[in-house]
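Below is one structure, written out as structure tokens; the observations come after it.
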Amino acid sequence: PTPGGRSPTPCTPEPAGVIDEIMAGKALRRVVLDRPDKEFEFLLTEGALRWRLLDAAGMAKQLEHLAAIAARPNVTVEVIPFSVEVPTGPLNMFSLYDDRLAAIEDKTGLLMLRDPTDVRYYTELFELYRRYALRGADARDFVLSVAEDFRRDS
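What the sequence shown shows, in the working numbering, is residues 2 to 155, in sequence order.
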């Protein structure tokens, strides 16, 4: 949000200080990912992997980093490729923390869901998407193949 509390419009650059907050959040996530007592599952679409937030070389580097994270014993990365037909699509990003908490995230904020019915809905949706995803070495190889596509473009 801007200093006035409003989120910037899609055409407005992030206000000063927001980038520093984002980078601090990334550093914290790296520390959390290093904890062997925690397990993480990430389910991504091919579209998310190919969305160009950086130049081609930067995207390749990011995806190679993701593949390295996927090799950790406490991390699972799954990818739904474009070639798979999925009966429904997500309207927004969501996270499941456990069987008691789900979060819906969009550009304007974060909605925490604690109602068991809501959490169950997102758990079932996650399981539905997982049925269509590449897993393990297949997912990691797929991520690296997209990184290679970016390398060729750089």
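All C-beta atoms, glycine included, are put in the ideal place defined by N, C-alpha and C.
Going by other Cβ atoms of all chains shown within 10 Å of its Cβ, with 16 needed for buried, is residue i buried or exposed?
{"i": "Gly6", "result": "Summary for Gly6: the model assigns pLDDT 48, below 50, so the residue's position carries little reliability; its value from the coordinates is reported in the next sentence. It is exposed - the Cβ of Gly6 has fewer than 16 other Cβ atoms within 10 Å."}
{"i": "Glu113", "result": "At residue 113 the sequence reads Met, which differs from the Glu that was named. The residue is exposed, with fewer than 16 neighbouring Cβ atoms inside 10 Å."}
{"i": "Leu44", "result": "buried"}
{"i": "Val147", "result": "buried"}
{"i": "Glu40", "result": "exposed"}
{"i": "Thr118", "result": "exposed"}
Pick out whichever of the options has its Cα sitting closest to the Cα of residue i.
{"i": "Gly110", "options": "Val32, Thr124, Phe95", "result": "Phe95"}
{"i": "Gly137", "options": "Ile70, Arg153, Glu106, Pro88", "result": "Ile70"}
{"i": "Ser155", "options": "Ala61, Glu79, Gly48", "result": "Ala61"}
{"i": "Asn75", "options": "Arg152, Gly48, Asp142, Leu34", "result": "Leu34"}
Check for me: the beta strand (DSSP E) holding residue i runs from which residue to which?
{"i": "Phe43", "result": "41-46"}
{"i": "Tyr98", "result": "94-99"}
DSSP puts residue i in a beta bridge; with which residues?
{"i": "Glu106", "result": "Met94, Leu111"}
{"i": "Ile81", "result": "Thr46"}
{"i": "Val76", "result": "Phe41"}
Looking at the unbroken alpha helix (DSSP H) that takes in residue i, where does it start and where does it end?
{"i": "Arg141", "result": "137-154"}
{"i": "Thr118", "result": "117-131"}
With contact counted as at least three CB pairs below 8 Å, one residue from each stretch, are the region 98-116 and the region 58-65 in contact? no
Determine, using beta-carbon pairs with one atom in the region 74-85 and one in the region 114-128, whether at least three such pairs fall under 8 Å. no
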